[in-house]
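See structure below.
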Amino acid sequence: MTIREKLAKLTRLYKKKAVAIAAGIDPVTLRSIMVGKREPSLKVVKALARALGVDAGWLISDLQGWPPVRVAEPGDLGADIGESAKAEPAGAVVAG
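Under the working numbering, the residues of the sequence shown are numbered 1 to 96, in order.
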């Protein structure tokens, strides 16, 4: 599973602009990464991982698939979902 595929799944419940802002990157940069026009720097990968509450190593590894390795709850991303939808998906691995 590639970083593009992981970002697509992780961000499907959130507005992409909110994810980018939470990560401290330009929304155009996130869009460029997600459509394959740009490879993210390590700094950007770490920022996205922190914003989404996942391990940066998991995010960039093509060998590790779903579910994500959670290290924290996602930041305030302005999700348009209820609290029950924020729960860990079945089979999710939670670090800690």
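In this text, a Cβ means the ideal position worked out from N, Cα and C, and glycines have one as well.
(message) Beta-carbon within less than 6 Å of M1's beta-carbon, same chain only, minus the 5 sequence neighbours each way: which residues are those?
(response) The residue you call residue 1 lines up with position 1 of the sequence shown. Excluding positions up to five away in sequence, the list reads G65.
(request) Would you list the one or two residues that DSSP bridges to V54? (result) Reading the sequence shown from its first residue, position 54 is the one you call residue 54. Answer is R70.
(request) Flag L42 as yes when its Cβ comes closer than 7 Å to any non-hydrogen atom of the ligand ADP, and as no otherwise. (result) Ligands are entirely absent from the displayed structure, and the ligand ADP is therefore not among its contents.
(message) On a Cα-Cα basis, can you pick out the residue from G57, S61, D62, A51 that is closest to L10?
(response) By 1-based counting over the sequence shown, the position of residue 10 is 10. Looking at the Cα atoms, A51 is the closest of the given residues.
(message) Rounded to whole angstroms, what is the Cα-Cα separation between L59 and E39?
(response) Indexing the sequence shown from 1 puts residue 59 at position 59. Indexing the sequence shown from 1 puts residue 39 at position 39. The alpha-carbon atoms of L59 and E39 are separated by roughly 13 Å.
(request) Identify which residue in L7, V28, V71, I3 has its Cα closest to the Cα of G53. (result) As a position in the sequence shown, residue 53 is number 53, starting the count at 1. Considering only alpha carbons, the answer is V71.
(message) Taking the straight line between their C-alpha atoms, what separation do you get for K15 and L63?
(response) For the purposes of this step, residue 15 is taken as the residue at position 15 of the sequence shown. For the purposes of this step, residue 63 is taken as the residue at position 63 of the sequence shown. Whole-angstrom Cα-Cα distance: 27 Å.
(request) Could you pull out every residue in the same chain whose Cβ sits closer than 7 Å to the Cβ of L30, ignoring the five residues on either side in sequence? (result) For this step, residue 30 is matched to residue 30 along the sequence shown. The residues are K16, V19, A20.
(message) When you compare the CB positions of L7 and I33, do they come within less than 8 Å of one another, or not?
(response) For this step, residue 7 is matched to residue 7 along the sequence shown. For this step, residue 33 is matched to residue 33 along the sequence shown. For L7 and I33, yes; Cβs fall inside 8 Å.
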